[in-house]
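Numbering follows my numbering, in which position 104 of the sequence shown is assigned residue number 325; successive positions increment by one, without gaps. Glycine included, C-beta positions come from ideal geometry on N, C-alpha and C.
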Amino acid sequence: MAGVPLLDLKAQYAPLREAIAEAVERVIEAQRFILGPEVETFEHDVARYAGVRHAVGCASGTDALILALAALDIGPGDEVLTTPFSFFSTASCAYKVGARPRFADIDAGTFNVDPERLEAAVGPRTRALLPVHLFGQSAAMDAVLEIGERRRLPVIEDAAQALGATYGSERSGATRHCGAMGRIGCFSFFPSKNLGGFGDGGMMVTSDDALAERLRELRVHGGRQMYHHREVGWNSRLDALQAAVLRIKLPHLDAWSARRAENALRYDRLLGESGLLEGGRVRLPVRDARCGHIFNQYTLRVERRDELKRHLDQAAIGNSVYYPVALHLQECFRELGYRQGDFPVAERACREVIALPVYAELEPAQQDQVVAALVEFHRKG
Ligand SMILES: Cc1ncc(COP(=O)(O)O)c(C=O)c1O
């Protein structure tokens with residue numbers, strides 16, 4: 222029997238093939254490849270979608286985080302407070318502006334930073350809070366934003382995995398998009414994201430006019446006018462070809478994310494019926510009721526994770542471990558002085574998590590196959 226891929230981008234592409242070909246052709250005919258009208262239109266589309274005043278395209282989600290920190294004047298001597306359980310860029314961005322990351326442990330259920338621990342970790346050099354909406358579920362933003370206000374710290378949202386995810390605030394009663402709640406939100410269009418390009422791409426969003434202007438300058442060497450530089454910036458721009466592709470995909474994003482959420486619910490049911498949840502052998506992703514989760518990843522916690530991973534690999538069932546090593550234990554951050562045991566909840570997550578295929582085009586029969594492989598692993602003991 223054929224296996225099940227972790228992600229099937231060809232299935233997403235097939236029905237869009239003609240529309241994308243036309244859009245790409247339009248860019249080629251125009252011969253305007255960097256920024257330009259195609260990117261501007263896409264920026265407007267994303268700003269409207271996310272409910273913010275400005276969107277500024279750049280070369281990747283990693284660059285979006287770096288540019289966001291730079292635009293807030295975060296640099297040498299400063300610390301950026303974030304989660305140790307995330308993709309590398311969440312912490313490396315601080316280094317890239319000459320600052321340092323500082324970590325606070327996560328909530329065991331949602332995998333997102335625990336606000337109480339976040340507040341306890343605020344130090345004299347802390348200059349920003351950088352929550353991540355991991356796997357497509359918003360961090361506990363009421364509490365994070367409240368800490369930011371009280372401590373006068375800007376909140377930068379790492380929404381790389383969460384374009385389209387929402388958070389229903391109990392403070393204001395409003396439901397807002399991830400990325401639109403802090404001073405700046407950062408998105409990634411890496412191909413495996415819910416809205417993925419045909420290569421790297423990223424975007425920063427903000428409703429602060431001056432900040433948007435600064436971000437627009439920083440992405441083109443620190444000046445609006447060619448060859449006039451107000452400061453030293455970067456070369457980090459979104460390609461018109463990427464924007465053209467992403468413009469075709471954006472109107473489908475909510476439907477794709479809804480399918481992912483349906484698939485996640487179906488896994489919950491199938492795993493419940495399988496008996497694997499008894500005794501905690503398998504634990505389902507925890508949903509925060511305030512969140513519109515877009516399931517960029519469907520991540521279980523399991524016992525004997527590495528053995529299970531080998532079993533799934535052999536059965537050609539797509540899977541991945543996001544993330545095997547917590548950020549505070551990365552070799553390159555050794556000088557920060559963190560040790561094993563400093564963030565036990567994140568470290569435990571690194572030992573237990575495994576992500577299963579949850580992409581929009583996944584068929585029920587494929588999900589049955591994935592769950593059958595999990596059941597077989599446990600039957601063998
Ligand atoms: C949480 C998180 N932050 C930042 C990034 C960086 O995005 P990119 O790969 O577009 O540089 C990613 C993407 O992998 C991510 O998942």
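Near ligand 1: residue i beta-carbon under 7 Å from a heavy atom
| i | result |
| --- | --- |
| Q382 | yes |
| S478 | no |
| T197 | Outside the modelled stretch of the chain, which goes from 222 to 602, sits residue 197, for which no answer is possible. |
| V574 | no |
| G282 | yes |
| T396 | no |
| T311 | yes |
| G296 | no |
| L286 | yes |
| G278 | no |
| G423 | yes |
| F419 | no |
| S409 | yes |
| V453 | no |
| S307 | yes |
| V542 | no |
| V592 | no |
| V546 | no |
| V353 | yes |
Whole-number beta carbon distance between residue j and residue i, since they are thought to touch under 8 Å
| i | j | result |
| --- | --- | --- |
| Q279 | G423 | Note on identity: in this sequence residue 279 is Cys, with Gln being the wrong assignment. So it is a contact: roughly 5 Å between Cβ atoms. |
| C512 | T387 | 7 Å |
| A461 | V260 | 6 Å |
| E452 | R522 | 45 Å between Cβ atoms; not a contact. |
| D379 | L350 | Actually they are not in contact, since the Cβ atoms of D379 and L350 sit about 11 Å apart, beyond 8 Å. |
| S495 | V353 | Contact flag wrong, Cβ pair sits at about 31 Å. |
| A292 | L384 | That belief does not hold up - the Cβ atoms of A292 and L384 are roughly 20 Å apart, past 8 Å. |
| F356 | Q518 | 4 Å |
| A465 | V248 | 5 Å |
| L237 | I515 | Wrong, their Cβ atoms sit about 19 Å apart, outside the cutoff. |
CA-to-CA distance, residue j to residue i, given in whole angstroms
| i | j | result |
| --- | --- | --- |
| D326 | V334 | 6 Å |
| E568 | G501 | 18 Å |
| T311 | D363 | 20 Å |
| R404 | P375 | 6 Å |
| V267 | Q535 | 40 Å |
| S413 | C399 | 18 Å |
| A395 | L366 | 14 Å |
| R397 | A431 | 22 Å |
| H275 | T262 | 12 Å |
| G417 | I241 | 13 Å |
heavy atom of ligand 3 below 7 Å from residue i C-beta
| i | result |
| --- | --- |
| D379 | Absence of ligand 3 from the depicted structure is noted, with ligand 1 being the only ligands included. |
Please go through the stretch 526 to 573 and give each complete alpha helix (DSSP H) segment of 4 or more residues, from N-terminal end onward.
526 to 535 and 565 to 573
Within the stretch 262 to 342, note down every full alpha helix (DSSP H) run reaching 4 residues or more, in order along the chain.
282 to 292, 310 to 317 and 336 to 341
Going residue by residue through the stretch 446 to 515, where are the continuous alpha helix (DSSP H) segments of at least 4 residues, counting only ones entirely within it?
461 to 470 and 474 to 495
Return the chain-ordered ranges of every alpha helix (DSSP H) run that is complete within the stretch 359 to 439 and spans a minimum of 4 residues.
362 to 372 and 430 to 439
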